[in-house]
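Chains as they are written, first to last, in the numbering used here: chain A, 2 to 101; chain B, 173 to 398. We treat Cβ as the ideally placed atom computed from N, Cα and C, and that holds for glycine. Written out below as structure tokens is the structure these notes cover.
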């Protein structure tokens with residue numbers, strides 16, 4: 002999975018979440034959309050929902066199980082959950098590592 | 173057909189819950205350390221709930237096949253020791269099995285339920301927590317952690333449609349309590365208004381009635397707990 006493919010997955014899932022939560026700004030999210038933290042689009046349960054949904058999307062799309070909120074991710078100085086593009090990069094990296 | 177996951181399913185209360193669910197037409201996955209025979213509607217998984225990787229692997233296998241409607245976090249350990257004489261290893265083991273075991277399963281299956289936007293998690297606790305039973309400090313502390321986990325998880329997951337609650341028992345008539353002196357069991361049962369320890373089947377019925385209707389965050393006890 003390339004970073005571009007991962008970003009498409011993230012944005013598609015954000016749009017679906019936006020429709021579900023009645024948050025139109027998520028439907029037009031792009032690579033620079035702030036996901037979590039100050040002035041961000043998601044609260045903590047919104048982020049948990051996004052992560053859970055994305056992990057399933059990845060399993061269905063490429064057949065590997067990833068844990069997006071692993072200890073490495075949680076201890077990074079720059080959180081991969083801060084922006085959509087950072088999350089996509091993190092996701093693509095995990096998929097690469099998980100594939101034999 | 174609804175799907176349940178029951179931990180500690182090889183004996184005692186867990187086994188009774190599995191049998192009741194199967195009789196009610198559920199598909200059931202049992203997580204236990206030992207081998208369990210497969211049966212129609214029942215899939216056994218050899219899992220030690222203190223091992224997060226093993227729990228996650230089982231959760232991935234189960235949820236890949238479909239939804240999970242109910243998780244019963246029943247796997248547990250007990251030990252009665254005078255507080256000042258309790259070996260540290262015993263206190264650590266109780267915390268690992270009772271608290272972290274529930275924590276690992278709640279995380280692994282909770283994610284699947286968040287994806288479904290629905291599900292129910294029932295944690296098994298004990299009347300020893302509200303009664304502050306002497307001689308059970310390490311056990312009570314580990315189950316108090318389960319109670320606290322239940323209440324916080326209920327708040328965190330409420331908006332995702334996932335209901336988290338707990339049900340607590342005094343001594344249930346299982347292998348775990350048969351080594352406890354009868355007089356001690358009688359004293360505990362008397363404190364919660366019971367004439368005898370309930371059978372695993374009676375406790376399972378109570379648990380499943382709770383699971384059908386309990387509000388999120390509710391901790392319900394079998395017996396009278398002030």
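(message) Here's the rule I'm using: 16 or more other beta-carbon atoms within 10 Å means buried, otherwise exposed. How should residue 407 of chain B be labelled?
(response) Because chain B is modelled from 173 through 398, residue 407 of chain B falls outside the range shown and cannot be assessed.
(message) Given a cut-off of 7 Å on the beta-carbon distance, is the pair residue 280 of chain B and residue 227 of chain B in contact?
(response) yes
(request) Hey, could you find the ends of the beta strand (DSSP E) residue 49 of chain A is sitting in? (result) From DSSP, residue 49 of chain A is part of no beta strand (DSSP E) but of the alpha helix (DSSP H) over 45 to 63.
(message) Using the Cβ count rule (16 or more neighbours within 10 Å means buried), how would you classify residue 384 of chain B?
(response) Answer is exposed; the Cβ neighbour count stays below 16.
(message) The beta strand (DSSP E) that contains residue 337 of chain B, what's its start and end?
(response) In the DSSP assignment, residue 337 of chain B falls within the beta strand (DSSP E) that extends over 334 to 341.
(request) Using a Cβ cut-off of 9 Å, pull out every chain A residue sitting near residue 388 of chain B, in sequence order please. (result) Correct list: empty, because the minimum Cβ distance to chain A is about 13 Å.
(message) Is there a Cβ of chain B sitting closer than 7 Å to that of residue 1 of chain A, yes or no?
(response) With chain A covering 2 to 101 only, the question about residue 1 of chain A has no answer from this structure.
(message) Assuming residue 54 of chain A and residue 83 of chain A are in contact, meaning their beta carbons sit under 8 Å apart, how far apart are those beta carbons, in whole angstroms?
(response) The pair is not a contact, with the Cβ atoms about 18 Å apart (cut-off 8 Å).
(request) Using 10 angstroms around the beta-carbon of residue 173 of chain B, count the other beta-carbons present and answer buried if the total reaches 16, otherwise exposed. (result) exposed
(request) Kindly say whether residue 286 of chain B, judged by its beta-carbon, lies nearer than 7 Å to any beta-carbon of chain A. (result) The C-beta of residue 286 of chain B comes closer than 7 Å to at least one C-beta of chain A.
(message) Need the endpoints of the beta strand (DSSP E) that residue 219 of chain B sits in, please.
(response) From DSSP, residue 219 of chain B is part of no beta strand (DSSP E); its letter is neither H nor E.
(request) Could you tell me whether the Cβ atoms of residue 349 of chain B and residue 336 of chain B are closer together than 7 Å? (result) No, Cβ-Cβ distance for residue 349 of chain B and residue 336 of chain B is not below 7 Å.
(request) Give a yes or no on whether the C-beta atoms belonging to residue 344 of chain B and residue 375 of chain B are separated by under 7 Å. (result) yes
(message) I'd like to know whether the C-beta atoms of residue 286 of chain B and residue 331 of chain B end up nearer to each other than 7 Å.
(response) no
(request) Could you name the residues of the same chain whose beta carbon sits closer than 8 Å to that of residue 99 of chain A, not counting the 5 residues immediately before and after it, in chain order? (result) Only 65, 66 and 67 meet the Cβ criterion.
(request) Could you check which residue in B/309, B/362, B/203 and B/273 has the C-alpha nearest to that of residue 260 of chain B? (result) B/309
(request) Determine the DSSP secondary structure at residue 8 of chain A, reduced to helix, strand or coil. (result) helix
(request) Apply the 10 Å Cβ neighbour rule to residue 57 of chain A and answer buried if 16 or more other Cβ atoms are within range, or exposed otherwise. (result) Buried, by the Cβ-count rule.
(request) For residue 243 of chain B, write down the residues that DSSP places opposite it in a beta bridge. (result) B/177 and B/293
(request) Measure the CB-CB distance between residue 176 of chain B and residue 187 of chain B and report whether it falls below 7 Å. (result) no
(request) Determine the burial state of residue 292 of chain B: buried for a count of at least 16 other Cβ atoms within 10 Å of its Cβ, exposed for fewer. (result) Within a 10 Å sphere around the beta-carbon of residue 292 of chain B sit 16 or more other beta-carbons, which makes this residue buried.
(message) Going by DSSP in three states, residue 184 of chain B sits in which element: helix, strand or coil?
(response) It is helical.
(message) Can you list, in chain order, the residues of its chain with a C-beta nearer than 8 Å to that of residue 398 of chain B? Leave out the 5 residues immediately preceding and following it.
(response) Within the same chain, residue 398 of chain B has close Cβ partners 302.
(message) Quick check: is the beta carbon of residue 53 of chain A nearer than 7 Å to any beta carbon in chain B?
(response) yes
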